Amino acid sequence: MSLALTAQQTHSLRLRSQRLLFINERPPTSPSQVLEGIAGVQAQDLPAAQLSLRVRSAGLTAAMVDQALQEERSIVWTWCMRGTLHLVAAEDAGWLVSLLGSIFIAAGRCRLENLGWDEARPARGLRLLLDALAERGGLTRSEIAGLLKENGLPNEGQAPLHLLYRASLEGNLCLGPNRGKKPTYVLSEVWIGKPPPLSRPQALERIAARYLDAYCPAGPADLAGWSGLKLTEARQAFQLITDQLVQVESVVQPAWMLKSHLPRLDEPLGSAPVVWLLPRFDTFLLGYANRDLVLDPACAKFGHPGGGIIHPVLLVDGKAIGTWETKRRKAILEIRLRPFIMLPGKLLPLIEAEVAELARLLGEEAVLTRENPSRA
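At position 200 of the sequence shown the residue is numbered 209 (our numbering), and the sequence of numbers has no breaks.
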């Protein structure tokens, strides 16, 4: 028998799972704690990824993220879920890449060939790259392009990047410390150590449990969309932890939640709205196959216009009710809000508090401006 959930309960559970609502708990205070809790954030836009960590923590600063990434090595910047750059906890990087990497290597083979990496060239390029990193340590992308050019290998345009992508998905490298303003690429085993071995069933079991801890209620299609797993494997992953799950009936179908999360249904919610300024590509919007629960289809084109773009949104009690952007006005950062609806007066102090917190992380003076509501 399945458990019936109201829309409000579904929103509340997802906010709790996503570490956007804490009841009788303290928010995490370090980047690695946040990433362990939500299994990573998309990070092809690194400043946006830092903002995703901010909304799920207490007192986090950009400097703390940089320190965790470049000095402590407690978090890692690498390609994994969906074949895109993510920030993940260092202890998760190895098994996630091992589980998912082969999927995107296969998907990217034609693109690699179109860039000149045909026949034996990829193996030669990878060996050259890994030997150079072992001998010289971290290298920038321009240095790697120069190395490839010296050895008569594809080195223009996107060719070096796709070789780096391949090496990362094979588990051999990740991004390391910056040299000036340029990131370097380093050997994963040197930078974060060799991960303990996991069988594929063990990794599938782990990813299902970790995903549901961060996203429930959700279903196999959501796991597949978030991770890049084939739907058949996502279903298998759920089956491997079926003893930990309870099926639920809600506006999201089909869906499951962890039995360990059931006590949350009895916890009283606060009376104040839960308000966040989520950055672009935030995992709260990227983590589900269907975004209708979060983003009203009538307004979807404003938050998700297509082409893989996810705009920053104003989130209130689990629903996106506007988008926002930053504009530079001399020494002041303008936070420009575009609501989908007329904003109730009680929200304005909470939004202004969010703007102040955003400004704290960025080390900026910020001001909030609002446009008239826009709907499709």
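Heads up, the beta-carbon is just placed ideally off N, CA and C, and yes, glycines get one too.
Quantities reported herein were computed from a predicted structural model and do not represent experimental measurements.
Burial check for residue 119: the Cβ neighbour count within 10 Å stays below 16, so the residue is exposed. Residue 95 is bridged by DSSP to 51, 87. For residue 337, the enclosing beta strand (DSSP E) has its first and last residue at 328–338.
Taking each of 193, 167, 362, 77 in turn and checking the Cα distance to residue 149, the smallest one comes out for 193. Nearest C-alpha to residue 103 among 131, 360, 359, 183: 183. Under the DSSP definition of a beta bridge, residue 341 partners with 338, 374. Nearest to residue 178 by C-alpha distance, out of 87, 25, 238, is 87. In this structure, residue 283 and residue 29 form a Cβ contact; the two beta carbons are roughly 7 Å apart against a cut-off of 8 Å.
Excluding the 5 residues flanking it on each side, residue 154 has same chain C-beta neighbours closer than 6 Å at 164, 169, in chain order. By the Cβ-count criterion, residue 380 is exposed, with fewer than 16 other Cβ atoms from all chains shown falling within 10 Å of its own Cβ.
Between residue 257 and residue 78, the C-beta spacing is not below 7 Å. Residue 47 holds the alpha-carbon nearest to the alpha-carbon of residue 27 among 42, 82, 47, 138.
Assigned with DSSP and collapsed to three states, residue 126 falls in coil, not helix or strand. Take residue 230, set aside five residues on each side of it, and the residues of its chain with a beta-carbon closer than 6 Å to its own are 298, in chain order. Collapsing the DSSP output to three states places residue 323 in a strand. For residue 379, the secondary structure class from DSSP, reduced to helix, strand or coil, is strand.
Taking C-beta atoms under 8 Å as the contact rule, residue 200 and residue 180 fail to qualify, at a distance of about 12 Å. Per DSSP, reduced to three states, the secondary structure at residue 18 is helical. Rounded to whole angstroms, the gap between the alpha carbons of residue 113 and residue 91 is 8 Å.
No residue range can be given for residue 352, since it is assigned to no alpha helix (DSSP H) and is classified by DSSP as neither H nor E. Positions of the beta strand (DSSP E) runs, each at least 3 residues long and wholly inside the stretch 142–224, are given as 182–188, 191–196 in order along the chain. By the neighbour-count criterion, in which 16 or more other beta carbons inside 10 Å mark a residue as buried, residue 291 falls on the buried side. Residue 249 and residue 267 have their alpha carbons spaced roughly 13 Å apart. In the structure shown, residue 71 adopts helical secondary structure according to DSSP, grouped into three states. The DSSP-derived three-state label of residue 43 is helix. Counting other Cβ atoms within 10 Å of its Cβ, residue 236 reaches 16 or more and is therefore classed as buried. Residue environment for residue 84: buried (at least 16 other C-beta atoms within 10 angstroms of its C-beta). Straight through space, the alpha carbons of residue 293 and residue 211 are spaced by roughly 26 Å.
Within 10 angstroms of the beta-carbon of residue 372 lie fewer than 16 other beta-carbons, which makes it exposed.
Between the stretch 51–67 and the stretch 30–39, the count of C-beta pairs closer than 8 Å reaches three or more; the two stretches touch.
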